[in-house]
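Quick mapping for you: the protein sequence lines, in order, are chains Y and V. The opening position of the first sequence corresponds to residue 154 in the numbering used here, with each subsequent residue numbered one higher. The opening position of the second sequence corresponds to residue 151 in the numbering used here, with each subsequent residue numbered one higher. We put the CB at the ideal spot given by N, CA and C, even for glycine.
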Amino acid sequence: MEIRSRIFEKYKDWEFSIPLKQGDRVMFKGKKIKVGDILLEKSESTLKKSLSVPKVLNCKNEDCEKYVLRMDGEYIEEGELLAQRVSSGGLNMFELFSPVSGVVDLSRIKQGYIDILGEERKSTIMSDFTGTVKGIDPIEGLLINTDVICVDGVVSSKTQERLFGNLEILGDGNTILTEKSLDDDYRGKIVWVGPYLYNRVAIELFERGAIAVLTYAMSYTEFREIGLPIMILGGFGSVHCDSAFLKKFISLRNKFVILDGKQNQLYILSNSDINHKGWFVKQYTNQSVISRSSSTYGYIGKVLEFDEDSNFALVDFGKRGTSLIHIGLLEFIDL
Amino acid sequence: METLPVLKKNAYLTVLIKDNYIYANLAYTDLSAQKTYMLSDKTDLSPLRFRLDDMVFTKNFWFEYFDSLEKVFDWDIVDRKWGEDFRIKEFEREEVGVSGIKVVVDDNQAFFKNIYISLKEFSKDIVLRILDDRYMEVLTKGLVDRLEYDDIVWLDLDFPHFSIYRGRSNKEGEVIFSSSKIDWSNEIGLIDFVKSSKLNAFLSVDSSSEEISNRWANCIAHGYEYITDYVLNDVIRAFTTLQILSVKQSNRKKYEGIGKGNTSIILTGKIPNLLQLRELLLCLIDGLELDGIFDIFIDRDSKLYTFGKSMIEKEESQNIVVLKGDILPKAIKLLIPEVPSKAKSKIIFSAKIYSQLLEPQEIYSLGSSLEILKLPQRDEKLLIEGELKNGTVFSHLPFKQVQYISSKKILEYEYIVVDGRSRPIVYGPSAHENRVKLRIWGNGDKE
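Listed below in structure tokens is the structure:
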């Protein structure tokens, strides 16, 4: 029997938390959240500069913290020493100086970045979903129960925790962008870069404050080397990102999302009207499938015919034409 | 006249949940009418692999599963008069009811606890069992006795788990059990392994490391059911050979002397279903460094996991009496002799196949290659009489002649495979050299 894969699965009454940072104020009072309710007031500072510590100190992301000489929240003047690494018994010394004056922010140090912040500003987080507040916890944050849409992917192993942010879609969501077309500030954003991600775009996004980066495909080698929170929703290498998937995904623009690195899942806070079909595929013809065959990898189509003796199905991929594919190379989907 | 209990009609369903698959086997027996068979189904759970700990295994899921299974098997399994309560439809006759349902859950299965608890809550009618080392010990030991082999080596080959179990009779007639495993708890680690120099020594494709990594990563991430990509096929072959070899090299004592007695090798898991027979045999022979004579069984439907115990217990079985022929897949007779260098391109083995209804048929194999000879599939018994030629001998067996009987429902052979490659088998150092060797080794399939 074949199981139908739910590309966008509706999870009812899912519990999550919005983490609270220093200076955040919970504005919401009561239990039931409505669309438009103000949940939090955040005090954020402008990002003056993001500095990649491994680039300068020639060290691993996870080791960066031990070389930092300043405290989180400390004010630093331009040209002052920020981090230092001594190696080869004192023969080599790598030093990172602050290029601007500002407040040191170490919240992304585990990903290898030190942010230098400027003046403070206030912003509010407004709900675009309905749910229930389960409690407020100084460690967990604002605990909320709501419906979400769940999407599976593969997350870089460096990301074990849950990351919370707004889903930012770059451009039209379908164009592969270069770093030249990026904005200056992506703090608080989980960014969809389009169907393919090059590592230099990812690095630029993280340097501009992005919490995590989402894409459909990228080179496995770059995915492993980059060491930053990246989620791949399609596959590795040149994988086709079908418009049927993309259309639905782009419609979730600006929603709050949670990337769970441990579970390899992306949760989108959205009260969707998805009605799932049953788990098991009762008959093959007229069912939606995604191809895993090398010539049509990633294309979504419909089964026209199935031959039980040979186990091959004739699949209509729309403009791409029809292909004869072994059933073992087709994944039945509910999209 | 009363029918003996053992001869009574019966049907029993056993479900195995292992390595993100649900295997279902339904056994039916009517021994008085000499009618026995088994229906099999396999469901891949990998589309749900990240969600198995979420809310997947609800009552609805299991209801839907058994509901769909009824349609696939065309067999009434669920008693619907109980509404929301799942009850088994009592066995009445062929296609109506089963005398019981047993679900065996592998303790290596991801989110084992969630699955086990969900089934426990789903129905009190279902018997639940855990597939663990103890289960495998009883099964392997029992098979040594029941199938009358001196030595059974069972390789369960899945990407994240490689397990080898062995049951071997000693001089006192006692069966000694041993097992070894390789577990990849981290998927990323398993994907990264493709870059290891050890694995590269077994590869025969010249593709870039980038391309190999991408294809391998997609294979692990999406759980393919069928392979057409030659690069990926080669990676899986290299990976499997290396994994088996690594288990053997780290446990030399446990796996010494394989093939010295009457030996059978059982293959289960996902990899045997993905690789072609030739590649699979190369992995097995070179990984375990085999020589001698073997019966190979590739159990694609996990029938031995689900009904192996019933087969061992014969008429003592509490669930159902099953016959060897319904459980055991068709066998492969594998002959691995020592081929002298002078016999490199000469005939090293010739045999005649006799049957009551066919003219005798001659088969032969040449040195240097791994030859897969397909036997005619007949209802009547086949007798295969063969002899090693041109100085070819079995390294630790005193005879050169062999004689086998292939018989339906008892022990039916599908292939005779003769490995005429010169020893030692050496892979590497380059992909090009491996490609040349594999081409030479693959020069002689005959059907």
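Identification of chain V residues near residue 156 of chain Y by a Cβ-Cβ cut-off of 7 Å yields 193, 194, 195, 197 and 198, ordered along the chain. Residue contact with chain Y for residue 188 of chain V: absent (no Cβ-Cβ distance below 8 Å to any residue of chain Y). In the DSSP secondary-structure assignment, residue 198 of chain Y is bridged to Y:273. DSSP places residue 187 of chain V in the strand class (E or B) of the three-state scheme.
Residue-level contact check: residue 390 of chain Y touches chain V, since one or more beta carbons of chain V fall below 8 Å from its beta carbon.
In this structure, the alpha-carbon of residue 511 of chain V lies about 12 Å from that of residue 524 of chain V. Proximity of the segment 391-408 of chain V to the segment 346-355 of chain V meets the contact definition, three or more beta-carbon pairs being nearer than 8 Å. In the three-state reduction of the DSSP assignment, residue 390 of chain V falls in the helix class, which pools H, G and I. Membership of residue 456 of chain V in the alpha helix (DSSP H) is indicated by the continuous run 453-463. DSSP, read as helix, strand or coil, puts residue 493 of chain V in helix.
Residue 542 of chain V has a beta carbon lying at 8 Å or more from every beta carbon in chain Y. In its chain, beyond the 5 residues on either side, 221, 225 and 267 have a beta carbon closer than 7 Å to the beta carbon of residue 259 of chain Y. From the beta-carbon of residue 305 of chain Y, the residues of chain V found nearer than 7 Å are 200.
Proximity to residue 231 of chain Y across Y:179, Y:456, Y:245 and Y:255 peaks at Y:255, based on C-alpha coordinates. Listed along chain Y, the residues sitting closer than 7 Å to residue 376 of chain V by beta-carbon distance are 479, 481 and 482. Within the segment 417-444 of chain Y, contact with chain V at the beta-carbon level (separation under 8 Å) is assigned to 417, 418, 431, 432, 433 and 435. Put simply, the backbone Cα of residue 343 of chain Y is about 17 Å away from that of residue 277 of chain Y. Within the segment 209-222 of chain V, the residues whose Cβ lies closer than 9 Å to any Cβ of chain Y are, in chain order, 210, 211, 214, 215, 217, 218, 219, 221 and 222.
Taking the CA atoms as reference points, residue 301 of chain V sits about 12 Å from residue 443 of chain V. In this structure, the alpha-carbon of residue 482 of chain Y lies about 6 Å from that of residue 376 of chain V. When C-beta distances to chain Y are compared with 9 Å, the residues of the segment 351-366 of chain V below that value are 359, 360, 361, 363, 364, 365 and 366, in chain order. Residue environment for residue 407 of chain V: exposed (fewer than 16 other C-beta atoms within 10 angstroms of its C-beta). In this structure residue 207 of chain V touches residue 265 of chain V by the C-beta definition: roughly 6 Å separates them, less than 8 Å.
Secondary structure note for residue 177 of chain V: its beta strand (DSSP E) is the uninterrupted segment 171-180.
In this structure, the straight-line span from the alpha carbon of residue 285 of chain V to that of residue 414 of chain V is close to 19 Å. Assignment of beta-bridge partners to residue 358 of chain V by DSSP yields no partner.
Within the same chain, and ignoring the five residues on either side of residue 159 of chain V in sequence, the residues whose Cβ sits closer than 6 Å to its Cβ are 180. At least 8 Å separates the CB of residue 260 of chain V from every CB of chain Y.
Shown here, residue 245 of chain Y sits in a strand according to DSSP, grouped into three states.
Any Cβ of chain Y closer than 8 Å to the Cβ of residue 379 of chain V would place that residue at the interface, and such an atom is present. Scanning the segment 489-558 of chain V for uninterrupted beta strand (DSSP E) segments of 3 residues or longer gives 497-505, 511-516, 520-524, 532-538 and 551-556, listed from N- to C-terminal end. The contact set of residue 372 of chain V on chain Y, defined by CB atoms closer than 8 Å, consists of 388, 445 and 484 in chain order. For residue 160 of chain V, the enclosing beta strand (DSSP E) stretches over residues 160-168. Under a criterion of Cβ atoms nearer than 7 Å, no residue of chain Y is adjacent to residue 451 of chain V; the nearest Cβ is some 13 Å distant.
Within chain V, the residues 360 and 364 have their CB atoms less than 7 Å from the CB of residue 372 of chain Y, given in chain order. By the beta-carbon neighbour count (other beta carbons within 10 angstroms, threshold 16), residue 586 of chain V is exposed.
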